[in-house]
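A.B. asks:
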Amino acid sequence: MTALERMTRYAPHVYFFFFFAAAASYSPFLAYWLKETGLTSQQVGAIYAIGPLVALFVQPMWGFLCDKYGIEKAVLMICGLATPAIAFGYSSGAGFAVYAATAVCLAVFSSPMVPLSDAVAVAHVQKHRQTYGGARVWGSIGFALVVSPIGMLYERIGISRMFLFYMGLMIVVFFITAVLEKGTVRKNASWRDIGKLLGRKPFALFLLLILCVACGTQSFSVFFSVYVGSTGGNVTEKIGWLTAVSALSELPFFLFASRFADKFGYRTVLAAGAFAGSIRLLVVSFDPPTGVLLASQLLQGVAYGLFYAAGVQVANALCPEGWKSTGQSLFSMVYVNVAILIASNAGGWLIDYAGFGTMFRVASLLCAIGGVGFLAMRKGGKSLGAEEAA
Numbered sequence: 289m290t291a292l293e294r295m296t297r298y299a300p301h302v303y304f305f306f307f308f309a310a311a312a313s314y315s316p317f318l319a320y321w322l323k324e325t326g327l328t329s330q331q332v333g334a335i336y337a338i339g340p341l342v343a344l345f346v347q348p349m350w351g352f353l354c355d356k357y358g359i360e361k362a363v364l365m366i367c368g369l370a371t372p373a374i375a376f377g378y379s380s381g382a383g384f385a386v387y388a389a390t391a392v393c394l395a396v397f398s399s400p401m402v403p404l405s406d407a408v409a410v411a412h413v414q415k416h417r418q419t420y421g422g423a424r425v426w427g428s429i430g431f432a433l434v435v436s437p438i439g440m441l442y443e444r445i446g447i448s449r450m451f452l453f454y455m456g457l458m459i460v461v462f463f464i465t466a467v468l469e470k471g472t473v474r475k476n477a478s479w480r481d482i483g484k485l486l487g488r489k490p491f492a493l494f495l496l497l498i499l500c501v502a503c504g505t506q507s508f509s510v511f512f513s514v515y516v517g518s519t520g521g522n523v524t525e526k527i528g529w530l531t532a533v534s535a536l537s538e539l540p541f542f543l544f545a546s547r548f549a550d551k552f553g554y555r556t557v558l559a560a561g562a563f564a565g566s567i568r569l570l571v572v573s574f575d576p577p578t579g580v581l582l583a584s585q586l587l588q589g590v591a592y593g594l595f596y597a598a599g600v601q602v603a604n605a606l607c608p609e610g611w612k613s614t615g616q617s618l619f620s621m622v623y624v625n626v627a628i629l630i631a632s633n634a635g636g637w638l639i640d641y642a643g644f645g646t647m648f649r650v651a652s653l654l655c656a657i658g659g660v661g662f663l664a665m666r667k668g669g670k671s672l673g674a675e676e677a678a
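Numbers 289 to 678, taken from the numbering used here, label the letters of the sequence shown in order.
#1: Since I believe LYS323 is in contact with GLY517 (beta carbons under 8 Å), could you give me their beta-carbon distance rounded to a whole number of angstroms?
#2: Going by DSSP in three states, GLN414 sits in which element: helix, strand or coil?
#3: Out of curiosity, what's the CA-to-CA distance linking LYS475 and SER399?
#4: Just the C-alpha distance for LEU496 and ALA395, rounded to the nearest angstrom, thanks.
#5: Using 8 Å as the threshold, is the C-beta distance between GLY528 and GLY439 below it?
#6: My output table needs one value for ILE382: the three-state DSSP class, helix, strand or coil.
#7: SER620 to PRO403, Cα distance in whole Å?
#8: Would the beta-carbon of ASN625 fall within 8 Å of that of ALA343?
#9: With the cut-off set at 8 Å, would you say LEU569 and SER652 are in Cβ contact?
#10: For PRO340, which three-state DSSP category applies?
#11: Starting from MET647 and walking both ways along the alpha helix (DSSP H), at which residues does that stretch end?
#12: Have a look at ILE464, VAL557, GLY333 and VAL461 and flag the residue whose alpha-carbon is nearest the alpha-carbon of ILE639.
#13: In the DSSP assignment, find the unbroken alpha helix (DSSP H) run with TYR298 in it and report its ends.
#14: Quick one: what does DSSP say CYS681 is sitting in, helix, strand or coil?
#15: Which first and last residues belong to the alpha helix (DSSP H) in which GLY456 is found?
#16: According to the neighbour-count rule (16 or more other Cβ atoms, all chains shown, within 10 Å of its Cβ), is VAL386 buried or exposed?
#17: When the distance is taken between beta carbons, is GLN616 closer than 8 Å to SER537?
#18: Span of the alpha helix (DSSP H) holding LEU497?
#19: Measuring only the C-alpha atoms, how far is TYR454 from GLY383?
#20: If you draw a straight line from the alpha carbon of SER448 to that of GLY422, how long is it in whole angstroms?
#21: Taking only the alpha-carbon atoms, compute the straight-line gap between GLN418 and ALA299 and give it to the nearest angstrom.
#22: Roughly how many angstroms separate the alpha carbons of GLY661 and SER507, rounded to a whole number?
#23: Just to confirm before moving on: does the CB-CB distance between LEU468 and VAL408 stay below 8 Å?
#24: Between PHE431 and ALA311, how many whole angstroms is the CB-CB distance? I'm expecting something under 8 Å.
#25: Among CYS503, GLN601, LYS489 and PHE542, which has the Cα closest to the Cα of SER565?
#26: Can you name the start and end residues of the alpha helix (DSSP H) that SER313 belongs to?
#27: Any idea what DSSP makes of LYS475, helix, strand or coil?
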């Protein structure tokens, strides 16, 4: 096997490594940056809600266009450069109005990146007889290796430098994208396909339960750095260590997600992820000491790594051939955009009027309800995706 063939074979692994390394330099610190510029928790929540609101309309369009024309790679390359360039709007410190405009523009180009990356990766690994989890685990490795050192570095050189680091790493991602497999084309694709997918009862029920769990976990993601900031100390360094622990905990679960699902069934795996998220949120709601907070981050492996990997596979299995990018876009839209839209607004309001503890307890309850829902699904075989697709 030549070096080029090896690079092509393992392109998704390298892609995920640098994509999430770039995310590690930026996303864990953004809410804290916004709070430090003088925004209230409600305003931070509103900024985080703007992007998902725009993405509700934009993301299905990207998925449809990619399914129709097979342009996943081109879209990923364009968006991969546009996203960090637009993010510099946050660095201006110009206040809520400029941040809001930045969030709108950012959503147009950032919203398709994760679902299209997943759709391309699933197709690539299936062609090369690999597993999605085996590729995606490198994203967690990249995230874990970067987030703690970068947090300590920001403590010394200033958090405003995160926009430069983000841009540099995304330029690397741009070049790696060129090696990924091309998408498949379905010339008869139409906008009605989105309605048809949502009209499939198994897929609609799956998305509804995903939304319930994601509203809980995304409230944690949006406000965690704000919460850590409220505890004082070396905040960016603390955020870095806490996020690194959570990222490292994902590694075995992304790597062996398929084996867990084959052994216990997707329904059980998704329920386990939901309950793990519920427990972590409940622990954090009692404002624990740093040691306990650090230990609770270990639940991220099940709450996110296992849950998300299983979700991607189920979404892929529930969608017919030629609808995969659209299906992944809808899954990501619900898991990220709709959930953040709800969680950021409701969470910001709860924090300002009832405190972090109440917000985290409500989020914990939502995760638990979703977990019960997955267990209560009528089909209880080993592979939810295989059952429903049959």
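All C-beta atoms, glycine included, are put in the ideal place defined by N, C-alpha and C.
All of these numbers come straight from a predicted model, not from anything done at the bench.
C.D. replies: Checking against the coordinates, here is how it stands:
#1: Indexing the sequence shown from 1 puts residue 517 at position 229. Indexing the sequence shown from 1 puts residue 323 at position 35. Confirmed, about 6 Å.
#2: In the sequence shown, the residue the question calls residue 414 occupies position 126. In this structure, GLN414 counts as helix in the three-state DSSP scheme.
#3: The residue labelled residue 475 in the question sits at position 187 within the sequence shown. The residue labelled residue 399 in the question sits at position 111 within the sequence shown. Its pLDDT being 46, under 50, LYS475 is placed unreliably in this model, and the coordinates cannot settle the point.
#4: The residue you call residue 496 lines up with position 208 of the sequence shown. The residue you call residue 395 lines up with position 107 of the sequence shown. Those two C-alpha atoms are separated by around 23 Å.
#5: For the purposes of this step, residue 528 is taken as residue 240 along the sequence shown, with counting starting at 1. For the purposes of this step, residue 439 is taken as residue 151 along the sequence shown, with counting starting at 1. Cβ distance < 8 Å, so GLY528 and GLY439 count as in contact.
#6: Residue 382 sits at position 94 when you count from the first residue of the sequence shown. A quick correction: the sequence has Ala, not Ile, at residue 382. DSSP places ALA382 in coil when its eight states are reduced to three.
#7: Here residue 620 refers to the residue found at position 332 of the sequence shown. Here residue 403 refers to the residue found at position 115 of the sequence shown. For SER620 and PRO403, the distance between alpha carbons rounds to 6 Å.
#8: For the purposes of this step, residue 625 is taken as the residue at position 337 of the sequence shown. For the purposes of this step, residue 343 is taken as the residue at position 55 of the sequence shown. Taking 8 Å as the Cβ cut-off, ASN625 and ALA343 qualify as a contacting pair.
#9: For the purposes of this step, residue 569 is taken as residue 281 along the sequence shown, with counting starting at 1. For the purposes of this step, residue 652 is taken as residue 364 along the sequence shown, with counting starting at 1. Yes, they are a contact pair.
#10: If you number the sequence shown from 1, residue 340 lands on position 52. Helix.
#11: As a position in the sequence shown, residue 647 is number 359, starting the count at 1. Segment 644-664, the alpha helix (DSSP H) holding MET647.
#12: Translated into the one-based positions of the sequence shown, residue 639 becomes position 351. Of ILE464, VAL557, GLY333 and VAL461, the residue nearest in Cα terms is GLY333.
#13: Here residue 298 is taken as the residue at index 10 of the sequence shown, counted from 1. Unbroken run through TYR298: none, as it is neither H nor E.
#14: No answer is possible for residue 681: it lies beyond the span of the chain, which begins at 289 and ends at 678.
#15: Numbered from 1 along the sequence shown, position 168 holds the residue referred to as residue 456. Counting along the chain, the alpha helix (DSSP H) containing GLY456 begins and ends at 450-465.
#16: As a first step, residue 386 is located in the sequence shown; it is residue number 98 there, counting from the start. Its Cβ having fewer than 16 others within 10 Å, VAL386 is exposed.
#17: Sequence index remark: in the sequence shown, residue 537 carries index 249 (1-based). Sequence index remark: in the sequence shown, residue 616 carries index 328 (1-based). Not closer than 8 Å, so no.
#18: Position 209 of the sequence shown, counting from 1, holds the residue named residue 497. Taken as a continuous stretch (DSSP letters only), the alpha helix (DSSP H) holding LEU497 covers 489-518.
#19: Against the sequence shown, residue 454 aligns to sequence position 166. Against the sequence shown, residue 383 aligns to sequence position 95. The alpha-carbon atoms of TYR454 and GLY383 are separated by roughly 21 Å.
#20: Counting from one through the sequence shown, the residue named residue 448 turns up at place 160. Counting from one through the sequence shown, the residue named residue 422 turns up at place 134. If you take the alpha carbons of SER448 and GLY422, they lie about 34 Å apart.
#21: Here residue 418 is taken as the residue at index 130 of the sequence shown, counted from 1. Here residue 299 is taken as the residue at index 11 of the sequence shown, counted from 1. Each residue's alpha carbon lies about 12 Å from the other.
#22: For the purposes of this step, residue 661 is taken as residue 373 along the sequence shown, with counting starting at 1. For the purposes of this step, residue 507 is taken as residue 219 along the sequence shown, with counting starting at 1. Using only the alpha carbons, I get a separation of about 20 Å.
#23: As a working mapping, residue 468 is identified with position 180 in the sequence shown. As a working mapping, residue 408 is identified with position 120 in the sequence shown. It is a contact, given that the beta carbons lie within the stated cut-off.
#24: Position 143 of the sequence shown, counted from the first residue, corresponds to residue 431. Position 23 of the sequence shown, counted from the first residue, corresponds to residue 311. With 8 Å as the limit, PHE431 and ALA311 qualify as a contact, their Cβ atoms being about 6 Å apart.
#25: As a position in the sequence shown, residue 565 is number 277, starting the count at 1. The sequence as given places Gly at residue 565; Ser does not occur at that position. Among CYS503, GLN601, LYS489 and PHE542, the Cα nearest to that of GLY565 belongs to CYS503.
#26: Taking the first residue of the sequence shown as 1, we reach residue 313 at position 25. From DSSP, SER313 is part of no alpha helix (DSSP H); its letter is neither H nor E.
#27: Within the sequence shown, the letter at position 187 stands for residue 475. Only weak support exists for where LYS475 lies, its pLDDT of 46 falling under 50; the value from the coordinates is given anyway. Reduced to three states, the DSSP call for LYS475 is coil.
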